[in-house]
Each structure stands twice: as C-alpha cells, then as structure tokens.
Amino acid sequence: MPASKRLRISGPARTDLAAIGKYTEREWGADQKRKYLDCIRQCLKSLAQNPALGMHRDDIDQGLKSHPVERHMIFYRESVNEIVIVRILHQSMDVEVNGARS
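What the sequence shown shows, in my numbering, is residues 714 to 815, in sequence order.
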C-alpha cells in the first residue's frame, strides 16, 4: 500500500465540518452527529491514501477534484506531498457560489 499523503483541511472546510456537525446534531442527535462525522473523517483518510478516488472537476476549477461521502461532496486538491480539502458541501449546494474555488 502506498504511503498516505499529508492531509490538510482548509479553514472553509473546517467551517463546513462544524456546520455539518451542528445541523446533524440538531436534526438527528449527538450519536448520529458522531457517526456522520466519523464517516466523513474516514473518507478523508481514504483520499489521503488514494487521491485517485476522486473525480477531476476542471469544469469548476483547474486541478480541483471531488469525491462523494453520504450526502456531501468533498472538494480537494492534490499536490506531490499533500491533499488539501477545500470544501465539504451538501450535494444540493451550488459549488461556485459557495467558494470551492478558494
């Protein structure tokens, strides 16, 4: 198995995770919040181990990739040594309007 790349989560993506957690807890409770965030975190680790899992999204921005997890989409960029998580957005959200370009 190839070595994992360093995983870096951008400020906007951290904000996304906090909002996802807050919404999930409000709607479905603390246990479901934990399970859902654990699922997202596991997916982030998988992307660090295998960045090729994502789909190229040059239609949105050059070098951007995306990968679904449950009802959310992880947007990220890959460099030689790291994976940068740009945003984690609900699949119903408009990517360009919500800053996946940053």
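No residue lacks a Cβ here, since even glycine has one placed at the ideal position from N, Cα and C.
Between the CA atoms of residue j and residue i - distance to the nearest angstrom
| i | j | result |
| --- | --- | --- |
| Val810 | Ala716 | At Val810 the pLDDT is 37, less than 50, meaning the model places this residue with poor confidence and gives no usable figure here. |
| Glu795 | Arg719 | 4 Å |
| Ser759 | Gly742 | 26 Å |
| Arg721 | Asp772 | 23 Å |
| Asp744 | Leu750 | 10 Å |
| Val793 | Pro764 | 11 Å |
Start-to-end residues for the alpha helix (DSSP H) that takes in residue i
| i | result |
| --- | --- |
| Ser759 | Ala743 to Gln762 |
Sequence-distant residues of its chain with Cβ nearer than 6 Å to residue i (five each side left out)
| i | result |
| --- | --- |
| Gln762 | Ser717 |
| Arg814 | With a pLDDT of only 49 at Arg814, under 50, the local geometry of the prediction cannot be trusted, and no value is derived from it. |
| His785 | Ile801 and His803 |
For residue i, the first and last residue of its enclosing beta strand (DSSP E)
| i | result |
| --- | --- |
| Arg721 | Arg719 to Ile722 |
| Glu795 | Glu795 to His803 |
Close beta carbons around residue i, own chain, < 7 Å, minus the five adjacent residues each side
| i | result |
| --- | --- |
| Gly767 | Leu760, Lys778, Ser779, His780 and Tyr789 |
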